[in-house]
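Student: Per mature numbering (1 follows the signal peptide of the UniProt record, and there is no 0): the sequence shown = residues -27 to -1, 1 to 122. Handing you a structure now.
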Amino acid sequence: MLRQKLYRGLGSLLLLLLAITSQSAFANVEKFGDIHVHYVAFSSTFLTPAIAKAYGITRSRTNGLVNISVLDTGKEGSPAVAVKIKGEARNLIGNQVTLKFKEIREESAIYYISPIAYSNEETFRFEIELTHDDGTVNTVKFQQKFYAD
């Protein structure tokens, strides 16, 4: 029974992340040939308490999440790609945060999420480095302003 509820919660996270990354207003895509990197940063309060608990995520009005997924559009079905990932975020006064990504695998999907604490109306500049199995390195840079809701 508990396992069944957990699987439903995991499926809900997958649906939420798919919804967020598929909405052009919320997610962005950086293209490196056939490799498409989808990235988004959002408040942890978008997650339900059950999903946050299942993944060990602290929901708070001042905690955000960075979500990265990598797809190979050159292959049939655009499968998810596993990468080594590291990143940093800097606020506008130069304070640096090292992102600590956690890999999540659900069926054929692969996501990398990292928490980030913020103050109301704080802006971060993100630089995320993705290293592929063949040694290719892609870097994604973006900026996000967070609001304590």
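Built from N, CA and C at the ideal position, the CB exists for glycine as well.
1) Measuring CB to CB, does residue 91 end up less than 8 Å from residue 119?
2) Whole-angstrom Cβ separation of residue 42 and residue 53, contact assumed at under 8 Å?
3) The beta strand (DSSP E) spanning residue 8 covers which residue range?
4) Hey, how far is the Cα of residue 22 from the Cα of residue 28?
5) Taking Cβ positions, are residue 111 and residue 10 nearer each other than 8 Å?
6) Taking C-alpha atoms, which residue in 50, 61 and 56 lies nearest to residue 117?
7) How many angstroms separate the CA atom of residue 88 from the CA atom of residue 46?
Tutor: If we stick to the structure as given:
1) Walking along the sequence shown from the start, residue 91 turns up at place 118. Walking along the sequence shown from the start, residue 119 turns up at place 146. Cβ distance < 8 Å, so residue 91 and residue 119 count as in contact.
2) For the purposes of this step, residue 42 is taken as residue 69 along the sequence shown, with counting starting at 1. For the purposes of this step, residue 53 is taken as residue 80 along the sequence shown, with counting starting at 1. Confirmed, Cβ separation roughly 6 Å.
3) In the sequence shown, the residue the question calls residue 8 occupies position 35. Its beta strand (DSSP E) spans residues 8 to 16.
4) Stepping through the sequence shown from its first residue, residue 22 is reached at position 49. Stepping through the sequence shown from its first residue, residue 28 is reached at position 55. The straight-line gap separating the alpha-carbon atoms of residue 22 and residue 28 is approximately 10 Å.
5) Counting from one through the sequence shown, the residue named residue 111 turns up at place 138. Counting from one through the sequence shown, the residue named residue 10 turns up at place 37. Taking the C-beta atoms as reference points, residue 10 is found nearer than 8 Å to residue 111.
6) Along the sequence shown, read from residue 1 onward, the residue named residue 117 stands at position 144. Residue 61 is the option with its Cα nearest to residue 117.
7) The residue you call residue 88 lines up with position 115 of the sequence shown. The residue you call residue 46 lines up with position 73 of the sequence shown. One C-alpha to the other measures close to 28 Å.
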